Amino acid sequence: MPNARRLFTIGIVIIAVAIILLFLVSPYVLQYTFSNSIREAQRQINSTVYLLLPNQSLSIEISSGKILVYNATNPLKLLLNNQTLAQAGYNGTWIAPSTTNGTISLINNYTNQLKIGYAVVGIILWPSYLSIILGFLLGLVGIVVIAYATLVSLRNRAKQK
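Position in the sequence shown counted from 1, then plus 42, gives you the numbering used here.
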């Protein structure tokens, strides 16, 4: 008959590993892959610079799951398939994710000309997804092991009476 205390300890350790995967590893992996994609985009941006006159636009083909990263002093008006595209930015670098295939138009809606550089990059998400799935699976295994340890413990108590 297996030792209930040992099984319970194993279950707790498995759940602890699952929690580490879910709350420490997967966010770190996501941040790491995202920052690598942004660094790659910065290298691409710095290699090409465009000058946009007022009300001039630049069209860029993009596919689903990709991110447009561009440098500009102020955010430009972005249209994806003629619909406004949400964007976020910090310190002159602006990011706009695409959930569909299409053409993004970067429109200079200011009264002065702007120098911009852009890149379209993807973010590799499978390592983060893998750690999340593995964390959930290990969590379930840990719960099953603890439940089994509890049953063994109850059986041992019943035999002792």
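Beta carbons are placed, not taken as given, at the ideal position from N, Cα and C, and that holds for glycine.
None of the values given here were measured: they were computed from a predicted structure.
Reduced DSSP category for residue i - H, G, I as helix; E, B as strand; rest coil
i      : result
Val183 : helix
Ser147 : strand
Gln155 : coil
Leu64  : helix
Val91  : coil
Pro139 : strand
Thr51  : helix
Ile109 : strand
Lys201 : helix
Gln84  : helix
Close Cβ partners of residue i (< 8 Å) along its chain, the five nearest in sequence each way excluded
i      : result
Glu82  : Ala161, Val163
Phe178 : Ala60, Leu64
Ile57  : Leu180, Gly181, Gly184, Ile185, Ile188
Ile54  : Gly184, Ile188
heavy atom of the ligand FMN below 8 Å from residue i C-beta
i      : result
Glu103 : Although the ligand FMN was asked about, the structure shown includes no ligands whatsoever.
Contact set for residue i: own chain, Cβ-Cβ below 7 Å, skip 5 residues either direction
i     : result
Arg47 : none
Phe50 : Ile188, Ala191
Arg85 : none
CB-CB length for residue i against residue j, believed under 8 Å
i     : j      : result
Ile87 : Gly159 : 4 Å
Same chain only: Cβ atoms within 6 Å of residue i, ignoring 5 sequence neighbours per side
i      : result
Ser147 : Ser99, Ser101, Leu121
Asn151 : Lys119
For the 8 Å Cβ check, are there 3 or more pairs between the stretch 84 to 92 and the stretch 118 to 127? no
Segment contact flag, the stretch 96 to 114 with the stretch 137 to 144, C-beta cutoff 8 Å, min 3 pairs: yes
When the Cβ atoms of the stretch 70 to 81 are set against those of the stretch 163 to 172, are three or more pairs found closer than 8 Å? yes
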